[in-house]
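The numbering of the sequence shown is my numbering, which starts it at 32 and goes up by one. We treat Cβ as the ideally placed atom computed from N, Cα and C, and that holds for glycine. As the structure is a computational prediction, the values presented were derived from the model and not from experiment.
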Amino acid sequence: MRQVAVLGATGSIGRSTLDVIQRHPNRYRATVMAAHRSVDDMEALCRTHRPLHAVMGDPQAASVLAERLTDVPSVAVSSGAEILDDLVADAAVDTVVAGIVGFAGLRPTLSAARAGKIILLANKEALVSAGRLFMEAVRTGGATLLPVDSEHNAMHQCLPVDLEGRPNMSDVEKIILTASGGPFRGRSRASLDAVTPEEACAHPNWSMGRKISVDSATLANKGLELAEACWLFDRSPEQIEIVVHPQSIVHSMIRYRDGSTLAQLGQPDMRTPIAYCLAWPERVDAGVAPLDIVAAARLDFEAPDLEAFPCLALAQWAITQPGGMCVFSAANEVAVAAFLAGDIRFTDIDKVIAGTLQGIDLAEPESLDAVQALDQAARDVADKQIAGWFTRPEA
Ligand code: NDP
Ligand code: MG
32 MRQVAVLGAT GSIGRSTLDV IQRHPNRYRA TVMAAHRSVD DMEALCRTHR
82 PLHAVMGDPQ AASVLAERLT DVPSVAVSSG AEILDDLVAD AAVDTVVAGI
132 VGFAGLRPTL SAARAGKIIL LANKEALVSA GRLFMEAVRT GGATLLPVDS
182 EHNAMHQCLP VDLEGRPNMS DVEKIILTAS GGPFRGRSRA SLDAVTPEEA
232 CAHPNWSMGR KISVDSATLA NKGLELAEAC WLFDRSPEQI EIVVHPQSIV
282 HSMIRYRDGS TLAQLGQPDM RTPIAYCLAW PERVDAGVAP LDIVAAARLD
332 FEAPDLEAFP CLALAQWAIT QPGGMCVFSA ANEVAVAAFL AGDIRFTDID
382 KVIAGTLQGI DLAEPESLDA VQALDQAARD VADKQIAGWF TRPEA
């Protein structure tokens, strides 16, 4: 029986993970579940899954949850980053699903890496901000790192891997990273000025949390994923080609030196990559309908439009600078939150990122403290810019 810690249990990735776990009660058990402050959702999940520990990032949310769960004494409710660090590192847990959104997910994921756990990585921001540190922790801690992000999961599926899940890249010529293009594919930049958070979050193929949905609409997500692929597969950005594939059926490809290109295909449903990672190197039922390739009928591919979606071009530059992607990711988080709050326009997101990259002395952060300091410095610059040209759209 695998004991799984589900970080971000109340989110899109967390729920998909718990759905797969529930289908295989003899193989997996969610013994630790963590979220931030969604008490109602966490209470319901605790009643269904009966974890041993429920951890809330917000202490007030933890006390409300503890009160609500007095009739379920087997669930220990707590709060605090140290507690979560210790729980994911505990011998009782063997698998950690990193499904917290944003930089907040870095600390517990790093703790799991240092403790040598099997890590199912969805939280790309952690890897992007602290890539060197995180990969080093995976190596020295003896962790097994399996990518949940659908594109990187597809790459993992198309590569030969060793017993620890580490891919062998020796005959790989190119990684082809696919992008859906998001809900605004084909639109001009000028036409994007007035789009609303609801429109930005209405992804044509995937159902995801709001932050990654906006990232997908700006193509910032593809920038984050470019950096993610570089770290996971030890590539330079030039060895990765980004291709827009609007149907989201081919989840990425690997081109080998002999002219072969391998692709992984599937429904746009995160339960497939999650089940792949949970069961690896075996396979289990994910509850996903089989792909009907005749019904799908067409697979289209095109180049990304960097003029309409400058976030991707910014990421392609930032990735070449020391600490650049930590700053990119932090500024993007601030900008997306401001956009979702109605404080800035969709087309301001790339301006905030560009201004922040310009306003910071870039340097490679060598420790967790340095990563946290660089992340905070970037947030401060991004916040200041937004406060400076506050452009709340008309209601
Ligand atoms: P959601 O917004 O749906 O969920 C985020 C989860 O993180 C929630 O459980 C939330 O808890 C929790 N959380 C947020 N802040 C904290 C905190 N400080 N401490 C503890 N928990 C916290 O996001 P997604 O599931 O969509 O995305 C999660 C991650 O996976 C992101 O990094 C995303 O980029 C990545 N990913 C997601 C995909 C998807 O299909 N959704 C695909 C590929 C990658 P609460 O509910 O209490 O706020
Ligand atoms: Mg992805």
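Between the stretch 260-268 and the stretch 406-413, the count of Cβ pairs shorter than 8 Å is below three; the stretches do not touch. Residues A258, P268 and M356 of the same chain have their beta carbon placed closer than 6 Å to that of I350, with the five preceding and five following residues left out of the count. When the Cα atoms are used, D381 and D246 turn out to be separated by approximately 11 Å. In this chain, the beta strand (DSSP E) harbouring V37 covers R33 to L38.
Remark: three or more beta-carbon pairs, one from each stretch, lie closer than 8 Å, so the stretch 224-241 and the stretch 202-215 are flagged as touching.
For I285, the secondary structure class from DSSP, reduced to helix, strand or coil, is strand. In this structure, M239 has its CB closer than 6 Å to one or more heavy atoms of the ligand NDP. Between the stretch 366-380 and the stretch 173-185, the count of Cβ pairs shorter than 8 Å is below three; the stretches do not touch.
C-alpha of R163 to C-alpha of W262: approximately 8 Å in a straight line. Only exposed fits Q91, as fewer than 16 other CB atoms lie within 10 angstroms of its CB.
With respect to the C-alpha of L194, the residue from E313, G45 and E338 having the closest C-alpha is E313. Residue environment analysis places P139 among the buried positions, since at least 16 neighbouring C-beta atoms fall within 10 angstroms of its C-beta. By the criterion of at least three beta-carbon pairs nearer than 8 Å, the stretch 143-155 is not in contact with the stretch 319-339. Boundaries around A409 are those of the alpha helix (DSSP H), L399 to G419, since no beta strand (DSSP E) includes it.
Those residues whose C-beta sits under 7 Å from the nearest heavy atom of the ligand MG are, from N- to C-terminal order along the chain, D180, S181, E182, N252 and E256. Counting C-beta pairs closer than 8 Å gives three or more between the stretch 182-198 and the stretch 292-305, which meets the contact rule. Contact annotation: the stretch 125-133 does not touch the stretch 285-295, with fewer than three C-beta pairs closer than 8 Å. Per DSSP, reduced to three states, the secondary structure at Q347 is helical. Taken through DSSP and simplified to helix, strand or coil, H55 comes out as coil. Counting the other Cβ atoms within 10 Å of the Cβ of L330 gives fewer than 16, which makes it exposed. DSSP, reduced to helix, strand and coil, places P268 within a helical segment of the structure shown. If you keep only unbroken alpha helix (DSSP H) runs of at least 4 residues inside the stretch 61-135, you get 70-80, 90-99 and 112-120. Shown here, I149 sits in a strand according to DSSP, grouped into three states. Only residues of its own chain outside the window of five on either side were considered, and among them V37, V128 and I305 have a CB closer than 6 Å to the CB of T48, listed in chain order. For A294, no alpha helix (DSSP H) segment is defined; the enclosing uninterrupted segment is the beta strand (DSSP E) at T292 to L296.
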